[in-house]
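2 protein chains.
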Amino acid sequence: MTIRVAVPDAAMLGRLASAVGDDVELVVWRPGDPPLSGVTDLLVMPYTVSYESLRGLGGQVRHIQSQSLGYDGAGESVPTGVTLSNAVGVHEAPTAEMAMTLILASQRGWPEVGRNQDSQKWDRPMWPGLIGRRVLLIGVGGIGQEFALRIAGFGAKLTRVARTARDDTHGIDELPDLLPDADIVVLAIPLNDETRGLVDDSFLNQLPAGALVVNVSRGPIVDTAALVSHVRSGAVRSALDVVDPEPLPAGHPLWSLPGSLLSPHLGGAVQSMNTRVDPLVLEQIDLLLRGGRPKNIVID
Amino acid sequence: MTIRVAVPDAAMLGRLASAVGDDVELVVWRPGDPPLSGVTDLLVMPYTVSYESLRGLGGQVRHIQSQSLGYDGAGESVPTGVTLSNAVGVHEAPTAEMAMTLILASQRGWPEVGRNQDSQKWDRPMWPGLIGRRVLLIGVGGIGQEFALRIAGFGAKLTRVARTARDDTHGIDELPDLLPDADIVVLAIPLNDETRGLVDDSFLNQLPAGALVVNVSRGPIVDTAALVSHVRSGAVRSALDVVDPEPLPAGHPLWSLPGSLLSPHLGGAVQSMNTRVDPLVLEQIDLLLRGGRPKNIVID
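Protein chains in written order, with the working numbering: chain A, 611 to 910; chain B, 611 to 910.
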């Protein structure tokens, strides 16, 4: 049995070539390229393209491996009869690392400290810091677990929230009791009908003055207009790796408001990403060669 | 027995007043103010003044409590017959927190990501990240220990270096073997004759391309001219909370070079600092009232 695997660039092909046998035909092919003859067994999507690029691939591919963790909106674009796997294990740790980066930078004065660097100003106010702060983690999936590992040594007080309460984790229905005691809120939940717009005017009104809102999951979990209003008034600060819309348009207030720290959806984008993607793709190839189905299927 | 304790501002006086008895006369007084009549038993220095301000206080004070950890240069300024205590336990944790802040920010693309925010540019290259990186911690005192606690959850490979080898710690004489394998070097050692200029041209030449030099102890541990040369060429990056000289003069290349992240000696400067300073001062007061000597004496 021979299978065909399409990868998005020559670099990945080069890395995988030495790890597969003659029973795997590796080709470089991306959605939008002219169709290949015959059916491709596994298509590895480029990292940063939209799921909409998958429309029209019905009959051309059997399985699709995304290089992203989130798959909101994918259901409408994956053709009938094609499965989609998300990239479990690839982005959780770097995304949690980005959450810690955003928290520490904000709590120690960025973006203002960075602006002082650029204006060559030696200015030394006292910034809040993380020690002793009460951190509310909303979401205890892969990103949330990696986040909890990382914040453990910082002397902060971590409270966990999930859809339903369990052991040491509160249910999301308890937010009205929890938000007034949160110095920092970290959003690490998938985007779906339940979470869209979770951080709205009412949510923000319940936070204490000066609280920090950190989003590393998906932009639409936050009502952008409500957040802008609360940041502008100084009621809260924000540190966002994801926004709504993306890319954030020029002139949007989140670029420039004091207390608004931004990174352009870099959560999983670190140079070590390949060291986690390649083993996942090789595992999927192995499953297919043994006549099985890929793992981590999220659309079927 | 009654003692007189001079504190640098009314805020500290207010915080301490409710915690001491009638046997403590609390006054607000700072070096440079007109002399008080009689001898002050304990002088709490302002946080950010130089030890040189202590010259000439001979006969006016018995003990001095610094609010800093470092005391390089204090020996020349503390009058004969006066003891100086440093602020053990106050700054180690926030300084380690700043080291983590600088590492994470640098590894995830700041100051460039901050400059992109200010120019409203949505740019998404792959930055190095911290996962899997080899971190060489030079100094395993209070700051180093707090740093090790904090980096533990990040999936980095930590190697410890101290003046002399012990258990899991290498001796500083092993640096030639260690530097070529260090993606990140963290300086957490006191400034003294042995450590001044430790990070010189030779040290920097031994680092791998693109390594990050992090300094949270004292500026003169790094030969600034050598560092500037290596950052300018792109051979290394730097993330400095302390520099030589301080304040860094306008126009200095470390303000603006790509790969140079700066904070203006903010290591211990967090809003929770009082929650660690006040108990230390109260403990010193208690020791004096019981006829003892202050703890943490570094100049005697």
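Using N, Cα and C, we set each Cβ at its ideal position, and we do this for glycine too. On a predicted model such as this, the values are computed, not experimentally measured, just so you know.
When burial is assigned at 16 or more other CB atoms within 10 Å of the CB, is residue i buried or exposed?
i, result
"B:Gly719", "buried"
"B:Ser729", "exposed"
"B:Met611", "exposed"
"B:Asn815", "exposed"
"B:Asp910", "exposed"
"B:Arg912", "Chain B is shown from 611 up to 910; residue 912 of chain B falls before or after that span and cannot be answered."
"B:Thr885", "exposed"
"A:Asn802", "exposed"
"A:Ile741", "buried"
"A:Ser873", "buried"
"B:Gly902", "exposed"
"B:Ile674", "buried"
"B:Glu756", "buried"
"A:Gly631", "exposed"
Inspect the beta-carbon positions of residue i and residue j and report whether they are closer than 8 Å.
i, j, result
"A:Lys905", "A:Leu897", "yes"
"B:Leu652", "B:Val615", "yes"
"A:Ser676", "A:Ala697", "yes"
"B:Thr658", "B:Val826", "no"
"B:Gly781", "B:Ala772", "yes"
"B:Gln881", "A:Met708", "no"
"A:Val649", "A:Val617", "no"
"B:Gly680", "B:Arg828", "yes"
"B:Val838", "B:Pro859", "no"
"A:Pro911", "A:Glu722", "Outside the displayed range of chain A (611 to 910) lies residue 911 of chain A, so it cannot be described from this structure."
"A:Asp851", "A:Ala821", "no"
"A:Ser848", "A:Val823", "yes"
"A:Arg734", "B:Leu876", "yes"
Pick helix, strand or coil for residue i, following the three-state DSSP scheme.
i, result
"A:Thr705", "helix"
"B:Ile674", "strand"
"A:Ile741", "coil"
"A:Ile761", "helix"
"A:Glu722", "helix"
"B:Thr690", "coil"
"A:Thr805", "coil"
"B:Leu788", "helix"
"B:His780", "strand"
"B:Asp643", "strand"
"A:Leu817", "coil"
"A:Glu635", "strand"
"B:Asn884", "helix"
"A:Thr650", "strand"
"B:Ile713", "helix"
"B:Val824", "strand"
"B:Arg580", "Residue numbering for chain B in the displayed model covers 611 to 910; residue 580 of chain B lies beyond these limits and cannot be assessed."
Might you give, ordered along the chain, the residues of its own chain that have their beta carbon closer than 7 Å to the beta carbon of residue i, omitting 5 neighbours on each side?
i, result
"B:Ser687", "Tyr661, Glu662, Leu664 and Arg665"
"A:His840", "Leu814 and Val846"
"A:Val750", "Arg770, Ala772 and Thr779"
"B:Leu623", "Val617, Leu636 and Val638"
"B:Trp865", "Leu858 and Leu872"
"A:Pro645", "Gln670"
So, is the C-beta of residue i closer than 8 Å to a C-beta in chain D?
i, result
"B:Val723", "Absence of chain D from the displayed structure is noted, the protein chains being A and B."
Tell me which residues share the same chain as residue i and place their Cβ nearer than 6 Å to its Cβ, disregarding the 5 neighbours each side in the sequence.
i, result
"A:Arg806", "Pro830"
"B:Pro800", "none"
"B:Asp854", "Gly829, Pro830 and Thr834"
"B:Pro738", "Gln717"
"A:Gly878", "His701, Pro704 and Thr705"
For residue i and residue j, which I take to be in contact (beta-carbon distance under 8 Å), what is that distance rounded to the nearest angstrom?
i, j, result
"A:Ile748", "A:Val795", "7 Å"
"B:Leu694", "B:Leu746", "Contact flag wrong, Cβ pair sits at about 32 Å."
"B:Ala715", "A:Thr690", "Actually they are not in contact, since the Cβ atoms of B:Ala715 and A:Thr690 sit about 46 Å apart, beyond 8 Å."
"A:Arg625", "A:Asp888", "6 Å"
Ignore the nearest five residues each way along the sequence and tell me which others in residue i's own chain have a CB closer than 8 Å to its CB.
i, result
"A:Ala758", "Leu747, Val750, Leu768 and Arg770"
"B:Pro790", "Gln816, Leu817 and Pro818"
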